[in-house]
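Student: Taking our numbering, the leading residue of the sequence shown gets 43, the next gets one more, and so forth.
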Amino acid sequence: MIIEWCVEREKVCMDSGKCLALLLSCWQIGAGSVVQAAGENSVPLAQGTIEIVERQVPCSTAEFNYFFRVFVRGLNDRLPRTAIRNAYVWPQVEVRSDRNPSQLLLTAPKQDYIGDGFKIGLQQNLWIYLDPPQVVYGNYPRLEVKFKPLTRQKIRVEYSQAEYAPVANARSNQERLVKTFGKSGAYIFEHRLGCWRLTQELRSAKTSP
């Protein structure tokens, strides 16, 4: 089995410290419930050793909110969002009509969603719309993001452009939603092979090419 092979290679790598690329390939294979990375206190590879630690990617059906933030931002510097998405986007993503989800518009390769093809981002812990033509001095449009469970193993993530305003007399930087407008869409995540995977994109007429 591939996973057992990776475990055996991990033991060899821990002894030799020369197999980081091999370990990275193994992280993208199995069910994805455990991701391994070099620790912050690792000894440099030139010295012949490297500390291997386990990092948990939140893959249970009860942890979708946390998983989604990892999916958007990445796990850490060694496993940025591109590596996480490469592991957790289904090989072929079905693009369907938001108004009529039974209508298949096209099938897109997962490479389309590894970078900014996925339109939801985080900036200073705020949901933003990753649409480069709309960026003004590095500031992206804001989004309202909603998680709507369809089944225990299937969740719809909806997004809409949004306007927010500060809450009057609030002790912290609290905001209230003023309105939603403009572009909107949705993504479908399903729990497959032991973890959450992006499997569908739902486009409205305003977001369709």
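Don't be surprised by glycine CBs; every beta carbon is placed ideally from N, CA and C.
Given the structure is predicted, the values throughout are model-derived calculations rather than measurements.
Beta-carbon separation of tryptophan 132 and arginine 245 under 8 Å?
Tutor: no
Student: Please report the straight-line C-alpha distance between serine 144 and tyrosine 130, rounded to a whole angstrom.
Tutor: Across the structure, serine 144 and tyrosine 130 are spaced so that their CA atoms are roughly 23 Å apart.
Student: Quick check on DSSP: helix, strand or coil for valine 114?
Tutor: helix
Student: Starting from threonine 193, trace the beta strand (DSSP E) in both directions and tell me its first and last residue.
Tutor: 185-193
Student: Check the C-beta distance from lysine 161 over to glycine 224 and give it rounded, since I have them as a contact under 8 Å.
Tutor: Contact flag wrong, Cβ pair sits at about 12 Å.
Student: Indicate whether glutamine 166 and proline 151 have their beta-carbon atoms separated by less than 8 Å.
Tutor: no
Student: Would you tell me roughly how many angstroms separate the C-alpha atoms of isoleucine 92 and phenylalanine 113, rounded to the nearest one?
Tutor: Because isoleucine 92 carries a pLDDT of 30, less than 50, the predicted location of this residue cannot be relied on, and the following value inherits that uncertainty. Approximately 26 Å between the Cα atoms of the pair.
Student: Distance check for glutamate 232 and glutamine 242, CA to CA, integer angstroms please.
Tutor: 9 Å
Student: Once you ignore the five residues that flank tryptophan 169 on each side, which residues in its own chain have a CB closer than 6 Å to its CB?
Tutor: Leu185, Val187
Student: Just verifying my parser: in three-state terms, what is the DSSP assignment at phenylalanine 160?
Tutor: coil
Student: Between the C-alpha atoms of asparagine 118 and threonine 149, what's the straight-line distance to the nearest angstrom?
Tutor: Here the alpha carbon of asparagine 118 sits roughly 30 Å from the alpha carbon of threonine 149.
Student: Tell me where the alpha helix (DSSP H) around arginine 123 begins and ends.
Tutor: 123-130
Student: Give me, in chain order, the residues of the same chain whose beta-carbon lies closer than 7 Å to that of leucine 146; leave out the 5 immediate sequence neighbours on both sides.
Tutor: Glu136, Arg138
Student: Report the option in Ile197, Arg194, Val220 whose CA atom is closest to the CA atom of glutamine 203.
Tutor: Considering only alpha carbons, the answer is Val220.
Student: Around the Cβ of leucine 192, are there at least 16 other Cβ atoms within 10 angstroms (buried) or fewer (exposed)?
Tutor: Exposed, because fewer than 16 other Cβ atoms sit within 10 Å of the Cβ of leucine 192.
Student: What separation, rounded to the nearest whole angstrom, lies between the Cα atoms of alanine 212 and arginine 218?
Tutor: 11 Å
Student: Establish whether the CB of alanine 207 and some CB of chain B are separated by less than 8 Å.
Tutor: Absent from the structure is chain B; it holds one protein chain and no more.
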